[in-house]
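Peer 1: First the structure, which I've put down as structure tokens, then a few questions once you've had a look.
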Amino acid sequence: MRRLSRSFKIAHTFVRYRLDTFFEELPLPWYLRMLLYLMPWRYLVKAELPRGVRLRLALESLGPVFIKFGQMLSTRRDLLPDDIANELKRLQDNVPPFAGKDAQRIIEKALNQPVSQLFSAFDVEPMASASVAQVHKSTLLDGREAVVKVIRPGIDKTIRKDIALLYTLARAVHAAWHEGRRLRPVEVVIEYEQTLIDELDLRKEAANGSQLRRNFESSDILYVPEIYWDLTRQNVLVMERIHGIPVAEVEQLVAQGTDLKLLAERGVEIFFTQVFRDSFFHADMHPGNIFVSRTTPYDPRYIAVDFGIIGSLTAEDQNYLARNFLAFFTRDYRQVAQLHIDSGWVPANTNVTAFETAIRSVCEPIFNKPLKDISFGQVLLGLFQTARRFNMEVQPQLVLLQKTLLNIEGLGRQLYPDLDLWQTGKPFLEQWMKDRVGPKAAYQAVKTQAPDWLDKMPHVPQLVFDALAQIKNQPYTEHQRAVEQQAKREAERKTRRNKRVAACMIIVMGLWFGHDGAREWMDNLAPIGWALGGLAVWLLAG
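Taking our numbering, I'd label the letters of the sequence shown as residues 12 to 553.
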């Protein structure tokens, strides 16, 4: 019953915000287009607001799960027009908090102790609330300040019900609209479902935070708060409380004398370090998750929180991206096209010249701007959109990377509008490539693999003897194989000859039985003759 009620709510929202207008310019089948034009609300409800605004308001009215779905869609600029993607970025989790006493009960059940024995102080009034969880201030028994993140009660059931409805809508789009299949709606929902399910397990977020903290343990440019594992469970996470200025509060940063140019450049450095040194990057770096330390504003330091979404790249992905960026900014489009083919991102039979021409047509207008005005994120987006026309399937980790890069660019240029992302990132990429293919990389590879080589060394003599024996016996093996193949061919020839003899005999019998109509009993056997003739043809064909 509740699912039916929810379906009516979605239908009402669809009509109220005239979401049917999204389908007007699409090549729908004639029967769906006729059905759309016959809907009575088209003449009763006007679509006065821009389509992106109407979609955003509709998702906000449907609640947390649809809001987060819209937020995720806003990162898929390879699928959406810019006006819709930009509007979806404005979606906010304006979710009222649940009762602090409920949060306290969840904590006590998860940790099997009263809150008074777990903390020296616990604030039942939440300091922040979102769609999946909310956060409370607390003080540990040893006096350290902490925050407690608690999963919203019953949210898992709500998520699963709304996800089921999203699957229904996605399958309907896939079945009813041929062009909609290119958007892969079911795959998008699958990806979203996995992201939400991961967010329901705070141990995964805690593990991500611990790893990121280790990666930047001695760093002066990024601080990651400590996770208190002894107080962390699937639905409760306790971590060090940080004090900083939200990175979007530029006026506060200016007021404390922060070096904004250095801060913006360090944001780029953090991104490239995470992607290329660690292959483990914070993929949800929107302003609400990034703070700036209040200490040493002349030597600014970032603070990161919320580690629910983390991206990772393989060595092949890293190499692909670094070489592509370098080739892009030297305008070597042939190299870009060849890299795509060599990396397996587009089919091996792709016409390299046609692919190069397509990439050039996208990138040349970008390079008419000064380098400082060129967006890394837009270059990557243009690359993905062009490659999709050549059957490139964009991988989830690259979509996360694109989203993170756009966030970093937006933050950096908000802090320092003249930030030249290329000048900041190019030396890092060039040094990374040298380290990867130079003597240092060779030494590191030997150092890493030496224990494995030493372990296998005692087996080398036997492997050598086995290989020599195999080579020695190879001529006999080849001769034996040739004899077997010759015997097989001879047997096949005999079989075909026997079939032809039998077929000839059957044809003669067929002609005899099928054409001697003077005798009545023979006439009755005519069908048998034709059947035997058909059998002969079959044997000859064999």
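Just so it is clear, CB atoms sit at the ideal spot from N, CA and C, and this is done for glycine as well.
Going by the beta-carbon positions, is the gap between LEU430 and GLU276 smaller than 8 Å?
Peer 2: Contact flag set, yes.
Peer 1: For LYS120 and LEU129, I'd like the C-alpha separation in whole angstroms.
Peer 2: Rounded to the nearest angstrom, the two C-alpha atoms are 12 Å apart.
Peer 1: State the DSSP-derived secondary structure class of LEU223, mapped to helix, strand or coil.
Peer 2: Here LEU223 sits in helix by DSSP.
Peer 1: What's the call for ASN219, buried or exposed, on a 16-neighbour Cβ count within 10 Å?
Peer 2: So ASN219 counts as buried.
Peer 1: With a CB to CB cut of under 6 Å and the five nearest residues on each side skipped, what residues in its chain are close to GLY233?
Peer 2: Gly is not the amino acid found at residue 233; the sequence shown has Leu there. Here the set comprises PHE227, ILE281 and TYR313.
Peer 1: Just verifying my parser: in three-state terms, what is the DSSP assignment at THR415?
Peer 2: Helix.
Peer 1: To the nearest angstrom, how far is it from the Cα of GLU495 to the Cα of VAL475?
Peer 2: Looking at the two C-alpha atoms, the distance is approximately 29 Å.
Peer 1: Looking at the structure shown, is TYR344 part of a helix, part of a strand, or coil, going by DSSP?
Peer 2: Of the three classes helix, strand and coil, the one that applies to TYR344 here is helix, per DSSP.
Peer 1: Let me confirm a value: ARG400 is counted as buried when at least 16 other C-beta atoms fall within 10 Å, else exposed. Which label applies?
Peer 2: Exposed: under 16 other Cβ atoms inside 10 Å.
Peer 1: Is ASP527 helix, strand or coil when you go by DSSP?
Peer 2: Residue placement at ASP527 is flagged as unreliable, the pLDDT there being 46, under the threshold of 50; the coordinate-derived value follows with that caveat. Residue state, collapsed to three classes: coil.
Peer 1: Using 8 Å for Cβ pairs, my map puts GLY319 next to ASP209. What's the rounded Cβ distance?
Peer 2: Indeed they touch by this definition, with Cβ atoms about 7 Å apart.
Peer 1: Taking GLU156 as part of the beta strand (DSSP E), name the residues at either end of that continuous run.
Peer 2: It spans 156-162 - the beta strand (DSSP E) in which GLU156 sits, taken as one unbroken run.
Peer 1: Let me know the secondary structure DSSP gives VAL197 once reduced to three states.
Peer 2: VAL197: helix per DSSP, three-state reduction.
Peer 1: Just tell me which of ALA266, SER85, HIS293 and ALA359 has its CA closest to the CA of LYS100.
Peer 2: Per the Cα distances, SER85.
Peer 1: Starting from ALA315 and walking both ways along the beta strand (DSSP E), at which residues does that stretch end?
Peer 2: Residues 313-315.
Peer 1: Beta carbon of VAL159, beta carbon of ILE118: below 8 Å?
Peer 2: The answer is yes: Cβ separation under 8 Å.
Peer 1: Reducing DSSP to helix, strand and coil, say where ALA141 ends up.
Peer 2: Looking at ALA141 - three-state DSSP - the assignment turns out to be coil, as it is neither helix nor strand.
Peer 1: I want to see whether chain C comes within less than 8 Å of VAL135, judged by CB atoms only; does it?
Peer 2: This model lacks chain C altogether; it includes just one protein chain.
Peer 1: Would the segment 173-187 and the segment 245-255 be scored as touching if the rule is three or more Cβ pairs under 8 Å?
Peer 2: Touching, no.
Peer 1: In angstroms with no decimal places, state the Cα-to-Cα distance between LEU271 and LEU264.
Peer 2: Answer to the nearest angstrom: the Cα atoms are 8 Å apart.
Peer 1: Between the segment 299-316 and the segment 331-342, do three or more beta carbon pairs fall short of 8 Å?
Peer 2: Because the criterion of three Cβ pairs below 8 Å is not met, the segment 299-316 and the segment 331-342 do not touch.
Peer 1: Do you know offhand how far GLN346's Cα is from ALA338's?
Peer 2: Answer to the nearest angstrom: the Cα atoms are 6 Å apart.
Peer 1: Which residues bound the beta strand (DSSP E) around ILE118?
Peer 2: Looking at the DSSP string, ILE118 is not in any beta strand (DSSP E); the run it does join, the alpha helix (DSSP H), is 111-122.
Peer 1: Kindly indicate which residue of VAL235, VAL197 and GLN285 has the alpha-carbon position closest to the one of ALA175.
Peer 2: Minimum Cα distance to ALA175 is reached at VAL197.
Peer 1: Straight-line CA distance for ASN360 to ALA398?
Peer 2: If you take the alpha carbons of ASN360 and ALA398, they lie about 14 Å apart.
Peer 1: Rank LEU432, VAL363 and HIS147 by C-alpha distance to the C-alpha of SER386 and give the top, closest one.
Peer 2: For SER386, the nearest C-alpha among the options comes from LEU432.
Peer 1: Which first and last residues belong to the beta strand (DSSP E) in which ILE256 is found?
Peer 2: Note, ILE256: beta strand (DSSP E), 255-257.
Peer 1: Report the start-end ranges of each beta strand (DSSP E) in the segment 285-334 that is 3 residues or longer and not cut off at the edges.
Peer 2: You should have 301-304 and 313-315.
Peer 1: Within 10 angstroms of the Cβ of ASP93, are there 16 or more other Cβ atoms? Answer buried if so, exposed if not.
Peer 2: Exposed: under 16 other Cβ atoms inside 10 Å.
Peer 1: Thinking C-alpha only, which one of ALA315, LYS437, LYS168 and THR307 is nearest THR341?
Peer 2: Comparing Cα-Cα distances from THR341 to each of ALA315, LYS437, LYS168 and THR307, the minimum goes to LYS437.
Peer 1: Output the boundary residues of the beta strand (DSSP E) element that contains SER72.
Peer 2: Unbroken run through SER72 is the alpha helix (DSSP H), 62-73; no beta strand (DSSP E).
Peer 1: Residues bridged to LYS148 by DSSP?
Peer 2: Answer by DSSP bridge pairing, in chain order: VAL158.
Peer 1: Please classify ALA266 as buried or exposed, where buried requires at least 16 other C-beta atoms within 10 Å of its C-beta.
Peer 2: When all chains shown are included, ALA266 counts as exposed.
Peer 1: I need the straight-line Cα distance from VAL261 to ARG171, nearest angstrom please.
Peer 2: Taking the straight line joining both Cα atoms gives about 39 Å.
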